[in-house]
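Protein chains in written order, with our numbering: chain S, 330 to 1022; chain C, 330 to 1022.
The C-beta atom is built at its ideal place from N, Cα and C for all residues, glycine as well.
2 protein chains.
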Amino acid sequence: MFRSVKPLLLPESVAIVGASEAGGYGWPKSIYENLEHAGFPAKIYLINPRREELWGRKVYPDFGALPEPVDLALAIVPAEIIADVLADGARHGLKTALVYASRFGEGDDADGKRRSAALKAVCDEHGLTVCGPNCMGAVSLPKNLLFYPSPRVRGLPRGPAGVVFQSGGTFMFWLAQAGKRGLGFTYAVSSGNELNLDLADYINFMVEDDDTKLIVSMIEGIRRPEAFMAAAEKALAAQKPILMVKIGSSERGRSAMLSHTGALAGDDDVFNAVCEKYGIIRCGSLDDLLETALAFQAGRVPTGSRVAMVGYSGGGKGLFLDHAADEGVEIAAFSPATADAIRPFIDEGVPSENPLDCGAGIAPRQKDFSTVCQLALADDGVDIAAVQGQLPQIPSDPDDPTVFSDMVAATGKPVIGFGRMSQNVSEEGCAFQTAAQIPFLQGLPETVRAIKGLVAYGVRLRSGVAPLPAPGGNESDLHGAAFDELLASRGLTPPKSAFAETPEAAAAAAADIGFPVALKIVSSRFTHKTEIGGVTLGLDDGESVADAGLAMAKRLFAVDAAAPIEGYLVQEMVAGVEFIIGVREDAQFGPFMVAGLGGILVEAMKDVSIRMLPLTPEAARGMLDELRGKAVLGAFRGSPPRDVDALIGAMCGLSAVFLDHRTWLSDLEVNPLIVLGEGAGVRAVDVRPVAKG
Amino acid sequence: MFRSVKPLLLPESVAIVGASEAGGYGWPKSIYENLEHAGFPAKIYLINPRREELWGRKVYPDFGALPEPVDLALAIVPAEIIADVLADGARHGLKTALVYASRFGEGDDADGKRRSAALKAVCDEHGLTVCGPNCMGAVSLPKNLLFYPSPRVRGLPRGPAGVVFQSGGTFMFWLAQAGKRGLGFTYAVSSGNELNLDLADYINFMVEDDDTKLIVSMIEGIRRPEAFMAAAEKALAAQKPILMVKIGSSERGRSAMLSHTGALAGDDDVFNAVCEKYGIIRCGSLDDLLETALAFQAGRVPTGSRVAMVGYSGGGKGLFLDHAADEGVEIAAFSPATADAIRPFIDEGVPSENPLDCGAGIAPRQKDFSTVCQLALADDGVDIAAVQGQLPQIPSDPDDPTVFSDMVAATGKPVIGFGRMSQNVSEEGCAFQTAAQIPFLQGLPETVRAIKGLVAYGVRLRSGVAPLPAPGGNESDLHGAAFDELLASRGLTPPKSAFAETPEAAAAAAADIGFPVALKIVSSRFTHKTEIGGVTLGLDDGESVADAGLAMAKRLFAVDAAAPIEGYLVQEMVAGVEFIIGVREDAQFGPFMVAGLGGILVEAMKDVSIRMLPLTPEAARGMLDELRGKAVLGAFRGSPPRDVDALIGAMCGLSAVFLDHRTWLSDLEVNPLIVLGEGAGVRAVDVRPVAKG
C-alpha cells in the first residue's frame, strides 16, 4: 500500500540531471550550491550530455556512464524529455526521481496529459518512484539535503515536524515563516501533482521516522483515499498528529444525488468527517496551520476539554470569551480553593474566576503571574491553560523565561502562551520561546482554535478509531417482512400497524393501537390509494374508523364496482420531532451518516451533522450536539424532552444495518424518523434503501 | 449632545498633578519626559503640595497657585483624592482632566462607586470634562503631546486614523503594532470608564477634525446610545469610516422577553444591526481591526461588490475562493476581452479567469504582473482587486514599488495587496508599502474580511441612513376593525373571513372565500372557543361547513342550553411558507425588526436577520438574503416560488405601522405571516401588538 520514500529523503547518492551553470532558471546551480554549503551530505553526480566538466567536477552524459547506480535523480530538464531520461535512469538502477517541471497535465492540455501518462508508464514498468512533477523539491534536515532551488532554504531549524505541501508556491514561504516562529523540521516535501509518490506515502514515512512527531500538510486533493486513511490511522496509533489545510471547502455537493443524504453532504463535509474520524486537525488558514503546529510541537495533549485562561490585559478576557463561544470551546470553572489561592495575587476588585484577568498590577510582578498560572493549572477542573505572554521585542520587555518554564515544570498539562495579535518575532524572541518551553501563539482567535485542535486530538487519541466490521448480513433480509424485522431489531421501530378485513375489525384494531390512527384501504386493484380517497388521517375514535372505512369502500366502488377489497390497514399516527438519518457510501472515503432535523426545512437549512461509520453511541451523541436546532430535543415550546436515547439507538442501528449489508446498498435513509417523548421511543415512518447501481 | 474634546487633545496649557520623581509608578516622570522630548508643545505646570522644585521647574502646591488657569490636568494622584483635587482645579478655571487611576467602581466595590459619584458631581457642578478614569491616557500627534506613561509611545507615525479604545491594556499594544505596520494617527484616546467624556464625544471630535479620515475603536459598551448614533451618522455623512472591535458578542439575549422578537434578538445582534445601519465596520479580532484599518487608510471605497484577485502562488487562488465563500464575498467575472488581454502574460495552461493564478512564471516578471493587475482592474465587472504582494524581507526580494503604484495610478478603484500569512514587517518593508501606495495586508482571511468591510461601507455610503420619521398615527387605530384596516392597508393582509348568522349562510360565505376554510362559532357566552369544540379546521366543501356549524351549536347547547349564538366566523385556511416578522423597541438603540422562518423550529434554529428601522424595501430584501433557509422562498420541493414582493411589502408595512404608533407600542409581531405563491400575496394570520408597560 505504501511506497518507500527513503531513497528520496535519505539517499546515499544523488544525480543532478540537467546540470549547467545558467540553465533551468539557474536551479541546478542553486541546488548544487546548497549541497556544497552542507558539505555534500550525499555522493553527488552531474549529468548533462552537452557538458564534460562543471564546478570542478566531471559531468556524465547519461545514467549509463555513471560509475554506480544512484538512489535519487534531481531531474531539471524540460518536461518533454523527462520520461525518456528517467527511463534511462531506471534501466541503470535509479530508485527515485524528483521532477520539478510542470506541464504534466495540470490543466486541460493534451500534451501534458500525454507526458504524464508516459512518465507513469516508466514508473510502472521499472518500479521507479517519482516525487512531483510540478513541485518545488524537498528538504531532508537529518541529512542536511536541501533539494530546493534557493539559498533561502538554508538554516531551517531542526525539530519534530514533517511537512507535505501539494502547493509548490506556498511551500517554502510557509516553511520559512514557520521556522522564524520556532517550528522545527525533519523533512519537508513539495509533493506537486503526486503522479506517483503521494501524501499517503509521505505520511507513512514520517510515521515510521523516529524523529518526526508531528505531520503538517497543505493539500488540494487525496489521490488514494484508502491508503491515506490507513496512513492516518497509523499516525494516530503512533500518536503523531496530522495538521492539515485542505483547499476546496467552498465546493459542495457537486453531483446530483439519489438520496437526501447525498444532497445534504458535500465532498468537503465528508472530508471533514474523515478528519474527525482519524483525529486529523483541519486548519482554516496558513496562519492557523502555523499557530496550531506550534501548539502541537510542544508535545502535550490535554486529557479533557476544560480550558483556563490567565492574562492581565484590558479586553483580553472578554475577547477570549467571545472567541471561545464562536469556536465552541469549553471554559473551565475554578474550584473555590483555587479562586481563594489566586485572590491575594491579583488586583483588588477583579474577580478571581476563569477566564482570569489579573489586572494590570501583576504585569511588573512576573513571578506572581507565574504562580497564579500554576495555581490555575493545578486545579482539577482545568485540562489546558492559555497564559498571556509576549515575546520580548524591546530591551525593556520582561525577559525571564522561567516565568513560563516554571509552569511547564509544575504540571503535566499543556500550557499555551498567547499574544493578542500578530507581531514581529525576532531571533531573540524565538530563543526566549525555546527557553520558556511553551509556544507563544499570535492572535486570540488562532490561540483558541489551536486549543480546540489539541482538545479534539486528545479526544480521538483516547477513543481510537473503531474498525469497520466486515459485512455480515443477507441480501434477503433487505426485503419485505424480514427487512421490517431487521429494522425493528435495530431500534428502527416502525409505526404500530394492523391489518383488518372489515371496517369494524379496523375500529377494534385501532383501539388496540391507540388513537389517533390513519386508515388505508387495501385493494389489489388500486395501488395509488390517495387518488381514490383511500387514505384517511387523524381518526380519533373507533366510530370514526368504522365510518371512514365504509366511506372509502363507497368511493372505491364508485370508481370500480367490481374492485376487490382485501381489507384495511390501521396505522398509528405519530407526532413528534421529525428527524432524517441517512447512510451513504462515499466513493472515496466509504460509508458515512448524515443526521439532521427533518421536515420541509431540512434541505433549506442544511442543519445536519456527518460522521464516518461505524457510529458509536458517543459519536451519535456528538452529532446531535452539533445541530443548531438541537433545542427541539429538550423540553421545548411546551413539549416534553424527546427520547434521545432511542434516537441514538436508531442511529447506531442504521449504521449497523448498513454496514452489514453494504455489499448491496449504496444508501439507506430514514425520513422521517419521528422522535417521541422520553421513554416512548422513535418511529421509522419511511425507510428507503437504495441498491448499488 | 457632544462635549468638547479640544481642551484634552489640543490644550494650550497642561498641569501634571502629582508630579514627582518616583511617585505614581514613575508615570508623572515618564509623561514629563515625553513632553520634554517633544520640546514642550504646550505650556507645562507641575503641581504637588509636597514639592517646591522638580526637573528644574517650580512646583505649585495647587491650582490656585498657578499663574493662569490651565486647559488640561493630568491627574496622577490616588483615586481617593481625585474628586477634591479636580474640584479645586475647576474652581480655578480648569477645563478638562485626564484621570488615570482605577478603583472607580469598575467591579462591585462600594467605595469605588462612591468615588465615581463624587467625581461625576464635580463634572456636573463645574462643567469640567474628564477623560477616564481607569485609562492609560491619550496622544495628540498634531501637537506631539504624548500623555502616555512610557517612551514606547514616541515615534508613532502621523496619518489619518483617530483611535478610541476603552481598554487601557490593549491601547498602546495595538497602536504600537499598527504603527509598525504603517497605520498613521492623528489622535488616540484610552477612554477608560467613560465617566464623563465618552465614545460619542471622541467620534464627534474626530469627525470635525480635518486631518482624521478614519476612526478606529475597541469598546465594551456604549454609554449614550443616542449620542453615539448621532456621531456615527455624522461620520458617515462626512465619509469617515468607523471600524470597531466590540467585546461581548458571546452575550446573547440576557433578559426574558415578552415577544419572540425579543427572544430572537440578543443585545449583540441588535448592535450588529446598528453597525449595519450606520456603516460601522465591526471587526472580530485585533488583527482584523488592524488589517481592515490599513485597507481603509488607503482612502478608496469600491462602488460595487465584485472582487478580483490576482496572484501567482500555488494554493492561493483556492484558499481565496474558500475564504470568500465563507465570508459571502462576491467574486467578479472577467469579460472575454479582459481574459484575452491577460492570457499572453500568464503561464501556459493556467486559466485566464478570476480569481487569477498567473502561475509561478510571472514572479520574476514583476512589470508583467503589474500589467495583468491593471488589466483586471480596468474590467468594468471589477469593483475592487486584491493583488498578491509581499513586502521585501531579504535583499533578494523584489523591491520595485512602482509595480504597485502603477496600478493605483491607472485606476480609481481600490487596490489591496495581500500576503498569505503574517510575517515580520521591517522598517524597510513599511517604507516600501508607502512608496507602493497600496496597503499590504497579512493573511488571506483577514484580506477577504477587509475587502468585505470596504464593500459594505461603500453600500452604506451610497444609500445613506434613512431618517426615523416622527410618529404620526392615532392610538385608536390600534384596536378593533380600525387596526385590521390599518394592517391591511400596509400589506399585512389578514386571511379572508366572513361572518354568517346561520350554518347555511356560513356555507355560502365559505364558497365565496374559497375552500378549505375554518369555522368558528361566535357566542358571547364563550370566549375560549376550543374548550367547547367551537373551532373546526380544514373544511373542504359547503356541506361540511353547514354540518360543522350544526355540530358546534349542538356541543355548545350541551354545555349551556341557554347560551346565545350570534353566528359563525368563516375563515380562509392558508397554506404557505410560515414567517415571523416582529418589530421591537430596543431600550438603547431604538426600533428594530426581526424576520425569520416561522413554525416550530424558529426558536430552535434562530435563523433570523435583524435591521434597525425604518426598513426600506432594499433592506428587507437584504434581510431575506441573509436567512440560511432562504431557499424555501424560491421554487422548493415542488412548491412554486413564494410571493417575495408581498413579503417585502409586509415587512416595510410593519415597520411603518410600528413607527407611526411607537408612542404606545413596545412590540408588534406577526406570527405566523403566511407567504403564498407568487402573485397570491401574504396573510397576516396573527398580529400581536404589545403596549408599552
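| Asked | Found |
| --- | --- |
| Run through chain A and tell me which residues come within less than 7 Å of D616 of chain S, C-beta to C-beta. | Any reference to chain A falls outside this structure, whose protein chains are S and C. |
| In the DSSP output, which residue or residues are listed as bridge partners for T458 of chain C? | C:T425 |
| Per the contact definition of three or more C-beta pairs closer than 8 Å, is the stretch 596–604 of chain C in contact with the stretch 936–950 of chain C? | yes |
| Give me the DSSP bridge partner(s) of S519 of chain S. | S:F494 |
| Do R789 of chain S and the ligand FAD come close, with the Cβ less than 7 Å from some heavy atom? | What this structure holds is no ligand at all, so the ligand FAD is not there to describe. |
| From S:A408, S:L526 and S:G511, pick the residue whose C-alpha is nearest to that of F494 of chain S; which is it? | S:L526 |
| Would A594 of chain S pass as an interface residue toward chain C - the criterion being a Cβ-Cβ separation below 8 Å? | no |
| What residues in its chain sit with their C-beta under 7 Å from that of V346 of chain S, if we drop five residues either side in the sequence? | I376, A402, L403, A404, I405, V406 and V414 |
| List, in order along the chain, the chain C residues whose C-beta lies closer than 9 Å to that of G368 of chain S? | Under the 9 Å cutoff, chain C gives no residues; its nearest Cβ is about 23 Å from G368 of chain S. |
| Kindly indicate which residue of S:L821, S:G748 and S:L994 has the alpha-carbon position closest to the one of T499 of chain C. | S:G748 |
| Under the three-state reduction of DSSP, which class applies to G1006 of chain C: helix, strand or coil? | strand |
| Quick one: is M922 of chain S buried, meaning 16 or more other Cβ sit within 10 Å of its Cβ, or exposed? | buried |
| With I410 of chain S as the anchor, note down where its alpha helix (DSSP H) starts and where it stops. | A408 to R420 |
| Are the C-beta atoms of A890 of chain C and some chain S residue less than 8 Å apart? | no |
| Check whether chain C comes within 8 Å of Q287 of chain S, counting only Cβ atoms and requiring the distance to be less than that. | Nothing about residue 287 of chain S can be reported from this structure: the residues present for chain S run from 330 to 1022 only. |
| Would you mind telling me which residues of chain C sit closer than 9 Å to M881 of chain S, beta carbon to beta carbon, in chain order? | The premise fails here: M881 of chain S is roughly 16 Å from chain C at the closest Cβ pair, so nothing lies under 9 Å. |
| Determine, using beta carbons only, whether L587 of chain S comes closer than 8 Å to chain C. | Only weak support exists for where L587 of chain S lies, its pLDDT of 48 falling under 50; the value from the coordinates is given anyway. Output row for L587 of chain S: interface = no. |
| Could you say which of S:G385, S:L364, S:A447 and S:R510 lies nearest to P478 of chain S if we only look at CA atoms? | S:L364 |
| What's the C-alpha gap between V658 of chain S and A924 of chain C? | 29 Å |
| For D438 of chain C, go through chain S and note every residue whose CB falls closer than 9 Å to its CB, in chain order. | E677 and G678 |
| Which residues does DSSP pair with V346 of chain C in a beta bridge? | C:I376 and C:A404 |
| Measure the alpha-carbon distance for F733 of chain C versus G746 of chain C and round it to whole angstroms. | 8 Å |
| For a test of the three-state rule: what should DSSP assign to R749 of chain S, helix, strand or coil? | coil |
| For L868 of chain C, which of C:G843, C:A622, C:A560 and C:P969 has the nearest alpha-carbon? | C:G843 |
| DSSP has M941 of chain C in a bridge; who is on the other side? | C:F921 |
| Helix, strand or coil, according to DSSP, for Q766 of chain S in the structure here? | coil |
| So that I know if they touch, is there some Cβ in chain S lying closer than 8 Å to that of G645 of chain C? | yes |
| Are any of the Cβ atoms in chain C nearer than 8 Å to that of L790 of chain S? | no |
| Any beta-carbon of chain S closer than 8 Å to the one on G577 of chain C? | yes |
| Please work out which residues of its chain come closer than 8 Å, Cβ to Cβ, to A877 of chain C, disregarding the five sequence neighbours upstream and downstream, and give them in chain order. | P832, L848, T865 and L868 |
| The beta strand (DSSP E) with I360 of chain S in it runs from where to where? | Element bounds for I360 of chain S: not the beta strand (DSSP E) but the alpha helix (DSSP H), W356 to H366. |
| In chain order, what residues of the same chain have a beta carbon less than 7 Å from the beta carbon of L587 of chain C, not counting five sequence neighbours either side? | Annotation note: pLDDT 48 at L587 of chain C (below 50); position unreliable, coordinate value reported separately. Cβ within range, chain order: D996 and V1019. |
| Just to confirm before moving on: does the CB-CB distance between P893 of chain S and R854 of chain S stay below 8 Å? | yes |
| With a cut-off of 8 Å, does the C-beta of T776 of chain C fall near any C-beta of chain S? | no |
| Can you list, in chain order, the residues of its chain with a C-beta nearer than 7 Å to that of V334 of chain C? Leave out the 5 residues immediately preceding and following it. | L526, D530, Y531 and F534 |
| Using a Cβ-Cβ cutoff of less than 8 Å, which residues in the same chain neighbour L988 of chain S once the five nearest sequence positions on both sides are dropped? | L797, P798, P800, P920, L942 and P943 |
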